[in-house]
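Written out below as C-alpha cells is the structure these notes cover.
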Amino acid sequence: MKTTRDGAQAMWRGAAVAVAIGSLTSAAQAEVQGWLAWRGPFQNGTSAETGLPDKVDPAKPLWTAPFPGQSTPVIANGRLFIMGYLGEGADLQEGVACFDAEKGTRLWERRYNDFLSDTIYLRYSTSSPTVDPETGNVYMQGTQGLLGAFTADGQPIWMHSMMEKNGRLTFPNSRTASPLVDRDLVITRGITANWGAQGAAGDRFYAFDKKTGDLVWASSPGDRPRDNSFAQGYLTWLKGKRVLISAAGDGSVVCLNARTGDALWRVPLAKAGINATAVVHNNDKVIVIYGTPYEPGQMVAMRIPDELPKTPADGPLVLERSQVELWSIDVSTSTSSPILVGDRIYVVAEKGDLCAIDVNTGKQYWKLKLGIEQRNASPVFADGKLYVPILDDPGAKSASDTSEVGSKGGFYIIRPGENEGKILSHVQVDGRCFGTATLYNGKIYLQTTEKIYCWGKPGPNPGLAKPVAEAWPSPGQAAQLQFVPAEVVLHPGETASFRARKLDGHGFFVEDVKTPASLQWASYIPPTARVRATMKGKFNAEGRLVADSDPVASAGAYEARLGELKGYIRGRVLPGFPLKQDFESFQLSETTTNAFEPPTPFAYPPLPWIGARFKFEVREKDGAKVLAKTIDNKFFQRATVFIGEPDMKNYTIQADVMSEGNRRKMSEVGLINQRYLIVMKGNEQKIEVNSNQERLRVPAAEEPSNFKWSPNVWYTLKSRVDVSPDGSGVVRAKAWKRGDPEPEAWSIEVPHQTAHRTGSPGLFGFSPQEMRVFIDNVVVTSNP
Numbered sequence: 000m001k002t003t004r005d006g007a008q009a010m011w012r013g014a015a016v017a018v019a020i021g022s023l024t025s026a027a028q029a030e031v032q033g034w035l036a037w038r039g040p041f042q043n044g045t046s047a048e049t050g051l052p053d054k055v056d057p058a059k060p061l062w063t064a065p066f067p068g069q070s071t072p073v074i075a076n077g078r079l080f081i082m083g084y085l086g087e088g089a090d091l092q093e094g095v096a097c098f099d100a101e102k103g104t105r106l107w108e109r110r111y112n113d114f115l116s117d118t119i120y121l122r123y124s125t126s127s128p129t130v131d132p133e134t135g136n137v138y139m140q141g142t143q144g145l146l147g148a149f150t151a152d153g154q155p156i157w158m159h160s161m162m163e164k165n166g167r168l169t170f171p172n173s174r175t176a177s178p179l180v181d182r183d184l185v186i187t188r189g190i191t192a193n194w195g196a197q198g199a200a201g202d203r204f205y206a207f208d209k210k211t212g213d214l215v216w217a218s219s220p221g222d223r224p225r226d227n228s229f230a231q232g233y234l235t236w237l238k239g240k241r242v243l244i245s246a247a248g249d250g251s252v253v254c255l256n257a258r259t260g261d262a263l264w265r266v267p268l269a270k271a272g273i274n275a276t277a278v279v280h281n282n283d284k285v286i287v288i289y290g291t292p293y294e295p296g297q298m299v300a301m302r303i304p305d306e307l308p309k310t311p312a313d314g315p316l317v318l319e320r321s322q323v324e325l326w327s328i329d330v331s332t333s334t335s336s337p338i339l340v341g342d343r344i345y346v347v348a349e350k351g352d353l354c355a356i357d358v359n360t361g362k363q364y365w366k367l368k369l370g371i372e373q374r375n376a377s378p379v380f381a382d383g384k385l386y387v388p389i390l391d392d393p394g395a396k397s398a399s400d401t402s403e404v405g406s407k408g409g410f411y412i413i414r415p416g417e418n419e420g421k422i423l424s425h426v427q428v429d430g431r432c433f434g435t436a437t438l439y440n441g442k443i444y445l446q447t448t449e450k451i452y453c454w455g456k457p458g459p460n461p462g463l464a465k466p467v468a469e470a471w472p473s474p475g476q477a478a479q480l481q482f483v484p485a486e487v488v489l490h491p492g493e494t495a496s497f498r499a500r501k502l503d504g505h506g507f508f509v510e511d512v513k514t515p516a517s518l519q520w521a522s523y524i525p526p527t528a529r530v531r532a533t534m535k536g537k538f539n540a541e542g543r544l545v546a547d548s549d550p551v552a553s554a555g556a557y558e559a560r561l562g563e564l565k566g567y568i569r570g571r572v573l574p575g576f577p578l579k580q581d582f583e584s585f586q587l588s589e590t591t592t593n594a595f596e597p598p599t600p601f602a603y604p605p606l607p608w609i610g611a612r613f614k615f616e617v618r619e620k621d622g623a624k625v626l627a628k629t630i631d632n633k634f635f636q637r638a639t640v641f642i643g644e645p646d647m648k649n650y651t652i653q654a655d656v657m658s659e660g661n662r663r664k665m666s667e668v669g670l671i672n673q674r675y676l677i678v679m680k681g682n683e684q685k686i687e688v689n690s691n692q693e694r695l696r697v698p699a700a701e702e703p704s705n706f707k708w709s710p711n712v713w714y715t716l717k718s719r720v721d722v723s724p725d726g727s728g729v730v731r732a733k734a735w736k737r738g739d740p741e742p743e744a745w746s747i748e749v750p751h752q753t754a755h756r757t758g759s760p761g762l763f764g765f766s767p768q769e770m771r772v773f774i775d776n777v778v779v780t781s782n783p
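Okay, so the sequence shown: first residue is 0 according to numbering that gives the first Met the number 0, each after it adds one.
Listed below in C-alpha cells is the structure:
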C-alpha cells in the first residue's frame, strides 16, 4: 500500500528496545536450512534426522543462556530464534532473541512492553517464532498481539499491533499463536472483535504478505468462541485446494482455503476452545485431543470431509461429529499436542502419562507415567527416540502443590517399543518446562522458565536430514479477484493503491491485473450489514483509492469488477488530531430487544472504531446522545475500544463519563492514552493508571481511595502522557465534576521507566453488576 505516511515504521521507531551484540553479518542465504517452525519439518513433531543424543546431563550442556520463557526454539542457518522475557514488574519486556546455535552467543534481541493485556503471573512467550524458508526472515507474535517480521540479522521489516488494528483480545492464560509461513503468506490467528462484519468476537485467521505486511485475507471459519486457542494450523491439500486445518476456539475443527481464507467446513467437537494442535494422517483423517472443565476430554479421530461448499458465499459446511468420527477414546489434555510417528500417536495426557495410540483404531498400546501434570509442552520424535519435557519434574513438586510457580522441570528421552516405552535418560532442569524441545544438527534445544539449554555434540551432524521440497500445482483459469492489501486505513485526502491479482477457482495466483484503471469500483454494503455505511472515498482514473478530504471518520467496503471477475476490499478513514465525537449526529433508529428493559431507541457506535460493536451503543441520556455500555451480554461486560491508530503519540484525551449505581455498587469507566488505561473505579473510589494489572497498576489494589466520586453524576476525565528522550515517561490524569472549573493540578501522576512511546487513543467500560457507564464529548488533541 502506498500512502503519504508510514505508520508501521513510525511504530517501530517508537516501540522497540533493540539490543545488538557483537558484529553481525548477513545470515540470509539462498537456501535456508533448519528447524524452521515449532512443529518441525513435517508439521507433526517429528524429524528424519539421526545421530541425536540418547542421554543428557543438565550439569554438562554445550551451553545455556539466561533467557526464560515458554517458547520453542527454531533454527535457521546456524542461528537460534526464540521468544522470551526479561525484566521485572512494570519494566518486564517480552520479545524475540537470536543466538548462535553452536555456541549460545546472543547476537541480537528485540523487546517490547506488555500493554493493556490480561496476562497474569509470568505467562509470557507462549508462542514461538517461525522462519521463512525462502528469505530467512523471522516472524513473531507477542502476548500483547504485536505481530512482527525481522531479517535474520534482527532488522525490523514490518509490525502490526493486532490489538489496536484488529481488536485482538487477550486472556489470563496468555495462549498466543505462533505464525505460520506458507509460500508468500504468513498466517496467524487470535480472537478478535474488530469492526463491521468482523465486529463480533471470533477466532479469526489472518494472512499477511510476508514481505510487506499487507493484509491478504481474514477468515472467521468458526462459531462464537468459547476460549482462545493457540493450536497450530496444519497445511495440506484437499480437492486441488491448499487448505489449513486447525482446532478452534469454538471447540470445533475447521478447514479453510489457505490462499483465500474462504471457510470450507467445520466439525463441532467440544464445549470449550481446543488448544492442542491437530495431526493429519495419510491426508484422510484428522486426530484432535481436548480437555475442558465442562465435560470429559477425549481424543477423536475423524475422516477429512470431502464435501465442500459450491461457492465461498455458501459458507462452511457444518458437519456433525457422528458424520465423520472414526473412533474416540478417553485420553485428554488441554494444551499439550500429540505427535504422529508412522501409525502411532504419542501424547502426554493431562496427568503426565505418555500414551502410545494406534492412529487407525484408537487402541492404546501402553502408557508411561512421567509427571503429575502437563501443560503446553509436547513430545518430539527423531532417531527412534521421543524427547519429552514435563512441566514439573515428579521429584520437584507434589500433586498437592497448586502454586503457579515451580522450580524444576523434567526432561525425558524415551525409546518407544511395541508394548512399552523405555526411559533412556531422565533429568531435572532449572525452571518449569512449558516449551517443546527442538532437535537439529545433533543437538537438543530446550527453553525453561529460567534459561535455554543446548545438549549434544559440537559441530555438524552427519545424520542431518535434507529438507523435502513440496510440489505445487499450476494455476487454472482466472475465476476471482484478490486485492492486496485487503483492508486499508487512510487519513482524509490520502491515497492507497492495490495489487490486483487474478486467482483461479482454487485460489492460486494466475496473473496480476495489468491495467488497474480497467477495474470498475463501487461502494459495497454486505447483505447482512446492520450498519449500512460507506467509506468516504473514490477511485481515481489510475485505479487508486482517494479518501475524501473532510475530517470525518468513515468505514465501508468496495466491490471491484473486471468482466465476470469480482473482488472486495475494506477500508476506514480516520482523521488526525483533533478527534472529536459528541454523538449528536447519530439517528437512534434501532430498538433494543433484551428482556430486562422496555424497547429503547439506540444507534450502533461509530463503525470505524475497533471493538465497539455489541459492547457500546448510542442512547439518549440527560437530554443528549451519549455512548452507553451494553449490559445484556456478560461476555461483553468488559470493553476496550480503539478510536485511532497505533502510531499516535503525544496527545491529550478527555471525555465526560458517568456510572450508574448506588452507595454499594458502581461500575468502571475510563480512557486509553498511548497504551495506558486511566480508569475511574466506582467500588474502589479511585482513579487508577494501569497497562497490565500485574505489571503496572497505580494505586495498588490494597491502597486507599484517591478520588471520591458519585454514581449518576457526570465527571470530566482527562489524561496525557509525556515521554522523555531516554524512554522514561509520566502518565498524568485528573477528574472533576462536569461544569466545575478544571483543577490546575493533576489528580494522579505515574512514572514509568520504560514508557509506551505510541498507542491508539481509546475508551473503556466495565459493568460487572449490570450498572451502565456512559461516555460523551470525547476530544483528543495533540500536545503543544
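The beta-carbon is built from N, C-alpha and C at its ideal position, and this holds for glycine as well.
Legend entry - Residue range of the beta strand (DSSP E) that includes Val-323: Residue numbering aside, residue 323 sits at position 324 when the sequence shown is read from its first letter. Per DSSP, Val-323 belongs to no beta strand (DSSP E); it is in the alpha helix (DSSP H), 320 to 323.
Inset, instruction - Give me the Cα-Cα distance between Ala-27 and Glu-133, rounded to the nearest whole angstrom. - result: By one-based count along the sequence shown, residue 27 stands at place 28. By one-based count along the sequence shown, residue 133 stands at place 134. No answer about Ala-27 holds up, because its pLDDT of 39 lies below 50 and its placement is not dependable.
Inset, instruction - Indicate whether the contact test is met: 3 or more Cβ pairs, each with one atom in the stretch 476 to 485 and one in the stretch 563 to 576, closer than 8 Å. - result: yes
Legend entry - Assigned secondary structure, Lys-633 (DSSP; H/G/I helix, E/B strand, else coil): Counting from 1 along the sequence shown, the entry for residue 633 is found at position 634. Reduced to three states, the DSSP call for Lys-633 is helix.
Legend entry - Test item: CB-CB of Glu-748 and Arg-731 under 9 Å: The residue you call residue 748 lines up with position 749 of the sequence shown. The residue you call residue 731 lines up with position 732 of the sequence shown. In this structure, Arg-731 lies closer than 9 Å to Glu-748 by Cβ.
Inset, instruction - Tell me, to the nearest whole angstrom, how far the beta carbon of Leu-214 is from that of Thr-187; I am working on the premise that it is less than 8 Å. - result: Taking the first residue of the sequence shown as 1, we reach residue 214 at position 215. Taking the first residue of the sequence shown as 1, we reach residue 187 at position 188. Contact flag wrong, Cβ pair sits at about 11 Å.
Legend entry - Helix, strand or coil at Met-158 [DSSP, three-state]: Your numbering for residue 158 matches position 159 in the sequence shown. If DSSP states are grouped into helix, strand and coil, Met-158 belongs with the strands.
Legend entry - Straight-line gap, Ser-588 to Val-180 (C-alpha atoms, nearest Å): Indexing the sequence shown from 1 puts residue 588 at position 589. Indexing the sequence shown from 1 puts residue 180 at position 181. Distance between the alpha carbons of Ser-588 and Val-180 is about 45 Å.
Inset, instruction - Just the C-alpha distance for Ile-412 and Gly-462, rounded to the nearest angstrom, thanks. - result: On the sequence shown, residue 412 is found 413 positions in, with the first residue counted as 1. On the sequence shown, residue 462 is found 463 positions in, with the first residue counted as 1. Cα-Cα distance, rounded: 18 Å.
Inset, instruction - Can you grab the Cα-Cα spacing for the pair Pro-760 / Pro-60, in whole Å? - result: Residue 760 sits at position 761 when you count from the first residue of the sequence shown. Residue 60 sits at position 61 when you count from the first residue of the sequence shown. Those two C-alpha atoms are separated by around 48 Å.
Legend entry - Span separating the alpha-carbon of Ala-554 from that of Leu-85: For the purposes of this step, residue 554 is taken as residue 555 along the sequence shown, with counting starting at 1. For the purposes of this step, residue 85 is taken as residue 86 along the sequence shown, with counting starting at 1. Between Ala-554 and Leu-85, the C-alpha separation is close to 40 Å.
Legend entry - Gly-504 to Lys-421 span [Cα, whole Å]: Position 505 of the sequence shown, counting from 1, holds the residue named residue 504. Position 422 of the sequence shown, counting from 1, holds the residue named residue 421. Cα to Cα, the separation comes out at about 50 Å.
Inset, instruction - Compute the Euclidean distance between the alpha carbons of Gly-39 and Glu-163, then round it to the nearest angstrom. - result: The residue labelled residue 39 in the question sits at position 40 within the sequence shown. The residue labelled residue 163 in the question sits at position 164 within the sequence shown. Rounded to the nearest angstrom, the two C-alpha atoms are 31 Å apart.
Inset, instruction - Quick one: using the 10 Å Cβ neighbour count with 16 as the cut-off for buried, is Arg-674 buried or exposed? - result: Position 675 of the sequence shown, counting from 1, holds the residue named residue 674. The residue in question, Arg-674, is buried, as its Cβ has 16 or more Cβ neighbours within 10 Å.
Inset, instruction - Have a look at Pro-597 and Thr-590 and give me their C-alpha separation to the nearest angstrom. - result: Start at 1 with the first residue of the sequence shown, and residue 597 comes out as number 598. Start at 1 with the first residue of the sequence shown, and residue 590 comes out as number 591. Straight-line Cα distance between these residues: approximately 9 Å.
Inset, instruction - For the stretch 719 to 760, list the beta strand (DSSP E) runs that are entirely contained and at least 3 residues long, ordered along the chain. - result: 728 to 736 and 747 to 751
Inset, instruction - Sort out for me which residues DSSP pairs Asn-691 with in a bridge. - result: Taking the first residue of the sequence shown as position 1, residue 691 is located at position 692. Paired residues: Ser-116 and Leu-695.
Inset, instruction - Just grab the DSSP bridge partners of Ala-611 for me. - result: Counting from one through the sequence shown, the residue named residue 611 turns up at place 612. DSSP, once it has assigned bridges, lists no residue as partnering Ala-611.
Inset, instruction - Please list, in chain order, all residues of the same chain as Phe-763 whose beta carbon is under 8 Å from its beta carbon, the five residues on each side excluded. - result: In the sequence shown, residue 763 corresponds to position 764, counting from 1. The residues are Ala-638, Thr-639, Val-640, Glu-667, Val-668, Gly-669, Leu-670, Ile-671, Leu-676 and Val-678.
Legend entry - Euclidean distance between Cα positions of Pro-224 and Gly-248: By 1-based counting over the sequence shown, the position of residue 224 is 225. By 1-based counting over the sequence shown, the position of residue 248 is 249. Approximately 5 Å, taken between the alpha carbons.
Legend entry - Meets three-Cβ-pair contact criterion under 8 Å: the stretch 118 to 131 and the stretch 762 to 781: no
Inset, instruction - Report the residue from Val-722, Ser-727, Trp-713 and Val-720 whose alpha carbon sits nearest the alpha carbon of Ala-734. - result: To locate residue 734, count along the sequence shown from 1; it is residue 735. Looking at the Cα atoms, Trp-713 is the closest of the given residues.
Inset, instruction - Taking the CB atoms as reference points, tell me whether Pro-72 and Gln-446 lie closer together than 9 Å. - result: Start at 1 with the first residue of the sequence shown, and residue 72 comes out as number 73. Start at 1 with the first residue of the sequence shown, and residue 446 comes out as number 447. Yes, the Cβ-Cβ distance between Pro-72 and Gln-446 is below 9 Å.
Legend entry - Within the stretch 267 to 330, ranges of the alpha helix (DSSP H) (whole runs, at least 4 residues): 320 to 323
Inset, instruction - Have a look at Leu-695 and Val-688 and give me their C-alpha separation to the nearest angstrom. - result: The sequence position of residue 695 within the sequence shown is 696, counting from 1. The sequence position of residue 688 within the sequence shown is 689, counting from 1. Leu-695 and Val-688: Cα-Cα distance of roughly 8 Å.
Legend entry - With 16 other Cβ atoms within 10 Å as the buried cut-off, status of Trp-454: As a first step, residue 454 is located in the sequence shown; it is residue number 455 there, counting from the start. The residue in question, Trp-454, is buried, as its Cβ has 16 or more Cβ neighbours within 10 Å.
Inset, instruction - Could you tell me if Pro-378 is buried or exposed, where buried requires 16 or more neighbouring beta carbons within 10 angstroms of its beta carbon? - result: The count along the sequence shown starts at 1 and reaches residue 378 at position 379. Buried, because 16 or more other Cβ atoms sit within 10 Å of the Cβ of Pro-378.
Inset, instruction - Could I get the ranges of all uninterrupted beta strand (DSSP E) runs contained in the stretch 131 to 156, with 3 residues as the minimum, in chain order? - result: 137 to 140 and 145 to 149
Inset, instruction - Drop a sphere of 10 angstroms on the beta-carbon of Ala-464, count the other beta-carbons inside from all chains shown, and report buried for 16 or more, exposed for fewer. - result: As a working mapping, residue 464 is identified with position 465 in the sequence shown. That one is exposed.
Inset, instruction - Identify, in the order they occur along the chain, each residue of the same chain with its Cβ nearer than 6 Å to the Cβ of Lys-366, setting aside the five sequence neighbours on each side. - result: As a position in the sequence shown, residue 366 is number 367, starting the count at 1. Within the same chain, Lys-366 has close Cβ partners Asp-352 and Cys-354.
Inset, instruction - Quick one: using the 10 Å Cβ neighbour count with 16 as the cut-off for buried, is Lys-407 buried or exposed? - result: As a first step, residue 407 must be located in the sequence shown, where it is residue number 408. Classification of Lys-407: buried, given that the 10 Å Cβ count is 16 or more.
Legend entry - Pairwise C-alpha distance: Val-253 and Val-266: Position 267 of the sequence shown holds residue 266. Position 254 of the sequence shown holds residue 253. Val-266 and Val-253: Cα-Cα distance of roughly 7 Å.
Inset, instruction - Could you work out which residue in Gln-92, Ser-70 and Met-301 is closest to Leu-325 when comparing CA atoms only? - result: The count along the sequence shown starts at 1 and reaches residue 325 at position 326. Selected option, being the one with the closest Cα: Met-301.
Inset, instruction - Determine, using beta-carbon pairs with one atom in the stretch 223 to 238 and one in the stretch 271 to 283, whether at least three such pairs fall under 8 Å. - result: yes
Legend entry - Run of the beta strand (DSSP E) containing Gln-653, from where it starts to where it stops: Looking up residue 653 in the sequence shown gives position 654. Unbroken beta strand (DSSP E) run through Gln-653: 650 to 658.
Legend entry - DSSP three-state assignment for Gly-555, whether helix, strand or coil: By 1-based counting over the sequence shown, the position of residue 555 is 556. Three-state DSSP puts Gly-555 in a strand.
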